[in-house]
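K.L.:
Each step along the sequence shown adds one to the number in UniProt numbering, with nothing skipped, and position 233 is 233.
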Amino acid sequence: MKKNIIALHKITKIYRMGEFKVHALKGIDLKVAEGEFIAVMGPSGSGKSTLMSILGCLDVPTSGEYVLDGKEVSKLSKDQLACVRNAKIGFVFQNFNLLPQMSAIENVELPMMYKGIKKPLRTKIARDCLAMVGLHGREHHKPTQLSGGQRQRVAIARALANNPSIILADEPTGNLDSAVSHEIMELFSRLNDEAKVTIILVTHEHDIASFAKRTITLRDGIILSGETENDTSI
């Protein structure tokens, strides 16, 4: 039986805006097993971004429990959360978030540099990660010398660099055309199938979500479907 990488129990998030309270998440329960590939869908304001921020240890819940790879993280300090993020989570963003003055391999090395990995080892790992995403021979290209799809591949390689427990991808195909979007999703599928990488991906597009093996639907801060692996209810 696969272990749970993520376990959320009754997670709430309340934002205060003056006298008003916004209940972004309302008692979320969710378990993600090692090696799952999950898409998160829902309309604007459904709580997708808030959920991803909490999963990514970028924010903490107002109440509830979040266990990430066996560690309770919902009440950690900002510094402790930063350590968890760098060790456990790889991020892929819609806008790639690459440093333009750095080459592809230097961008991929960055998370390992923050982790204190020595230069020879991190260069080797970065080369391996770039090869894994199909960018062998592009190691020394700057982001401006790469296509949108290639930039996103660099971002995925960077997310893989520290061998994270999970990859969180926020609209990773949002700035790509349909053909390149499908190439990126096929790459995610291959990483999940062959390297057993656990992936949670936010998307508005059903054809992108179809690449995942489970789809979670959020609305008004509540999970409507996909709470468990076998749940297909609406």
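Glycine is no exception: its CB is placed at the ideal position from the N, C-alpha and C atoms. Please read all numbers here as calculations on a predicted model, not as lab measurements.
1) Compute the beta-carbon to beta-carbon distance between residue 125 and residue 169, rounded to the nearest angstrom, for a pair I have assumed lies under 8 angstroms.
2) So, at 7 angstroms on beta carbons, what are the nonlocal neighbours of residue 174 in its own chain, with the 5 sequence-adjacent residues on each side left out?
3) Compute the Euclidean distance between the alpha carbons of residue 5 and residue 69, then round it to the nearest angstrom.
4) Report yes or no: do three or more beta-carbon pairs, one from the stretch 200 to 211 and one from the stretch 35 to 51, lie closer than 8 angstroms?
5) Mapping DSSP to helix, strand and coil, what is residue 169?
6) Three or more C-beta pairs closer than 8 angstroms, one from the stretch 20 to 33 and one from the stretch 212 to 226: is that the case here?
7) Pick out the complete beta strand (DSSP E) segments inside the stretch 78 to 129, 3 residues or longer, and give them in chain order.
8) Between which two residues does the beta strand (DSSP E) harbouring residue 210 extend?
9) Could you tell me the alpha carbon to alpha carbon distance between residue 194 and residue 132, rounded to whole angstroms?
P.N.:
Let's see:
1) Not quite, the Cβ-Cβ distance comes to about 20 angstroms (not below 8 angstroms), so this is no contact.
2) 94
3) 5 angstroms
4) yes
5) strand
6) yes
7) 89 to 93
8) Element bounds for residue 210: n/a, residue is neither H nor E.
9) 11 angstroms
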